[in-house]
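Take a look at the structure set out below.
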Amino acid sequence: MTESTAARKPRRSAGSKAAGTAGTKAAGTAGTKAAGTAGTKAAGTAGTKAGTGGKRTTSTTSSSTRTAAAKGSETELVQLLTPEGERVETAKDSAYAEYASYVADITPDELRGLYRDMVLTRRFDAEATALQRQGELGLWASLLGQEAAQIGSGRATREDDYVFPTYREHGVAWCRGVDPTNLLGMFRGVNNGGWDPNGNNFHLYTIVIGSQALHATGYAMGVAKDGADSGVIAYFGDGASSQGDVSEAFNFAAVYNAPVVFFCQNNQWAISESNEKQTRVPLYQRAQGFGFPGVRVDGNDVLASLAVTRWALDRARRGEGPALIEAYTYRMGAHTTSDDPSRYRHDDERVAWEAKDPILRLRRYLESAHHADEGFFAELEAESETLGKRVREVVRAMPDPDRFAIFENVYADGHALVDEERAQFAAYQASFADAEGV
3 MTESTAARKP
13 RRSAGSKAAG
23 TAGTKAAGTA
33 GTKAAGTAGT
43 KAAGTAGTKA
53 GTGGKRTTST
63 TSSSTRTAAA
73 KGSETELVQL
83 LTPEGERVET
93 AKDSAYAEYA
103 SYVADITPDE
113 LRGLYRDMVL
123 TRRFDAEATA
133 LQRQGELGLW
143 ASLLGQEAAQ
153 IGSGRATRED
163 DYVFPTYREH
173 GVAWCRGVDP
183 TNLLGMFRGV
193 NNGGWDPNGN
203 NFHLYTIVIG
213 SQALHATGYA
223 MGVAKDGADS
233 GVIAYFGDGA
243 SSQGDVSEAF
253 NFAAVYNAPV
263 VFFCQNNQWA
273 ISESNEKQTR
283 VPLYQRAQGF
293 GFPGVRVDGN
303 DVLASLAVTR
313 WALDRARRGE
323 GPALIEAYTY
333 RMGAHTTSDD
343 PSRYRHDDER
353 VAWEAKDPIL
363 RLRRYLESAH
373 HADEGFFAEL
383 EAESETLGKR
393 VREVVRAMPD
403 PDRFAIFENV
413 YADGHALVDE
423 ERAQFAAYQA
433 SFADAEGV
């Protein structure tokens with residue numbers, strides 16, 4: 003069984019590699035009826051398409067770039083699919099028109115593919131959380147609630163684009179063809195990543211907050227110098243947007259007109275710090291100060307996430323420089339499995355966001371538009387069960403981490419202090435064996 007390539011626009015390559023077989027019962031696909039829409043209607047125009055293609059340029063003062071920067075920041079929230087599962091109608095002169103054009107020809111098969119991606123990603127994520135609770139993983143960072151932002155943006159990439167994730171982009175990894183079980187080795191402590199970044203153009207997970215924005219910018223500058231027409235995308239959270247590394251990346255990307263898209267998943271909480279304690283303005287508006295466009299998209303709307311990311315990557319590939327996408331979404335679970343969100347946020351907040359569940363809203367649309375029947379959902383449920391079982395089996399078959407590996411390769415020629423620490427740790431481990439023998 004190969005992974006669906008639905009919703010990836012046919013361009014130079016056919017799509018990502020197979021991402022494993024299917025999974026257990028999709029957790030959380032049911033939900034409460036959505037009340038109201040997930041945001042206010044965008045005001046003003048969204049900006050005209052800048053340029054018509056051709057070689058990448060290095061100019062940072064083109065009128066098209068300035069227009070995109072000015073108009074992109076006027077859009078309040080790009081939404082193409084409401085929480086009730088209704089497509090947003092877009093007139094040719096509406097604020098949504100340019101973005102909507104990127105999904106205007108999406109097929110029922112592609113829509114089902116997006117739904118499948120989100121369901122299986124959520125199931126994998128739920129299984130990983132359970133495995134951590136059972137002592138099989140040391141830690142896990144859940145993406146629950148952020149599936150639309152990740153699948154939509156991930157499916158907007160071409161095979162020759164390059165992705166720089168944080169440590170929560172499990173859905174993007176799925177879109178890039180990384181086997182889900184490869185993501186778990188690091189969290190079990192048996193490797194430092196588990197996949198070849200160049201095999202899927204998907205960098206290893208980055209734990210240092212915000213540093214990947216600089217890595218992506220430098221890589222994108224190299225892409226421009228090589229004359230390639232591929233794009234680069236960097237993922238980070240709202241908390242990382244407060245890091246100096248991110249601001250430095252914005253500045254370098256703007257000055258050097260780097261073909262990079264900054265994708266900020268604003269899930270409302272930087273661990274226990276709310277948005278109100280992080281910024282005085284919407285995050286997408288920060289791009290304007292650096293001279294490139296910023297757009298806020300409904301991060302629980304997979305169509306909007308797909309469309310806006312396609313728009314941003316296309317303009318980057320055309321040589322029109324960077325863009326910032328703020329995917330306005332919500333972290334349904336804990337920051338990581340070591341976190342207790344009940345200590346800093348109220349349940350009614352989560353309930354309100356559950357009404358905007360990204361999987362539920364697409365299912366409503368598929369059902370109302372008669373694009374999927376019960377047979378499709380039943381088959382996907384069985385596929386989900388298979389994925390969950392495979393993940394459990396693979397993780398439990400992984401070897402225990404080498405407890406002494408931390409002392410290796412610290413210094414090229416060894417070091418007395420490291421030797422001392424290794425001896426102390428060995429004595430500590432031996433004490434458990436002595437206790438068992440008593």
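Counting along the sequence shown from 1, when you hit position 322 you're at 324 in this note's numbering, and nothing is skipped either side.
By construction, the Cβ of each residue, glycine as well, lies at the ideal position given by its N, Cα and C atoms.
Predicted model, so just to flag it, every value in this text is computed and none were measured.
DSSP assignment within the segment 170-248 yields the following whole beta strand (DSSP E) runs of 3 residues or more, N-terminal first: 234-239. The beta carbons of residue 338 and residue 142 sit about 6 Å from each other, so the pair counts as a contact at 8 Å.
Beta-bridge annotation (DSSP): residue 297 is paired with 327.
In the three-state DSSP reduction, residue 96 falls in the coil class, being neither helix nor strand.
Ranking 373, 137, 433 and 347 by CA distance to the CA of residue 277 puts 347 first. A check of alpha carbon separations from residue 109 across 289, 301 and 371 identifies 371 as the nearest. Residue 412: not part of any beta strand (DSSP E); DSSP gives it neither H nor E. For residue 148, there is no enclosing beta strand (DSSP E), as DSSP gives it neither H nor E. Rounded to whole angstroms, the gap between the alpha carbons of residue 212 and residue 241 is 9 Å. For residue 272, DSSP records a beta bridge to 275.
For residue 312, the three-state secondary structure derived from DSSP is helix. Considering only 199, 193, 198 and 239, the residue with the shortest C-alpha distance to residue 215 is 239.
With contacts defined by Cβ atoms closer than 8 Å, residue 285 and residue 117 do not form a contacting pair.
As the crow flies, the alpha-carbon of residue 313 is around 47 Å from that of residue 405. Residue ranges of uninterrupted alpha helix (DSSP H) with 4 or more members, entirely inside the segment 315-371 and ordered along the chain, are 349-356 and 360-370.
Boundaries of the alpha helix (DSSP H) harbouring residue 121: 110-135, taken from the DSSP string. In the DSSP assignment, residue 165 falls within the beta strand (DSSP E) that extends over 164-166. Contact between the segment 301-313 and the segment 132-139 is absent: fewer than 3 CB-CB pairs across the two stretches fall below 8 Å. Boundaries for residue 81: no alpha helix (DSSP H) harbours it, and the DSSP string shows neither H nor E there. Collapsing the DSSP output to three states places residue 426 in a helix.
Only residues of its own chain outside the window of five on either side were considered, and among them 194, 195, 196 and 207 have a CB closer than 7 Å to the CB of residue 188, listed in chain order. Here residue 392 carries a helix assignment [DSSP, helix/strand/coil]. With a cutoff of 8 Å on beta-carbon distance, residue 271 and residue 170 are scored as not near each other.
In the DSSP annotation of this structure, the continuous segment of the alpha helix (DSSP H) that includes residue 288 starts and ends at 288-292. Residue 431 carries a helical assignment under DSSP once its states are collapsed to helix, strand and coil.
Rounded to whole angstroms, residue 361 and residue 105 show a C-alpha spacing of 18 Å. Separation of residue 356 and residue 417 (C-alpha to C-alpha, rounded to the nearest whole angstrom) is 53 Å. In the three-state reduction of the DSSP assignment, residue 405 falls in the coil class. Here residue 430 is exposed. Its C-beta has fewer than 16 other C-beta atoms within 10 Å. Between residue 119 and residue 235, the C-beta gap is not smaller than 8 Å, which leaves the two residues out of contact.
The secondary-structure analysis by DSSP pairs residue 264 across a beta bridge with 236 and 326. Under the DSSP definition of a beta bridge, residue 89 partners with 83. The beta-carbon distance between residue 86 and residue 366, rounded to whole angstroms, is 6 Å. This is short enough to meet the 8 Å contact definition. Contact between residue 127 and residue 139 fails: their C-beta atoms lie close to 12 Å from each other, not under 8 Å. Inter-residue distance for residue 131 and residue 383 is about 19 Å (C-alpha atoms, whole angstroms).
In this structure, DSSP gives residue 253 a helical state, which the three-state scheme calls helix.
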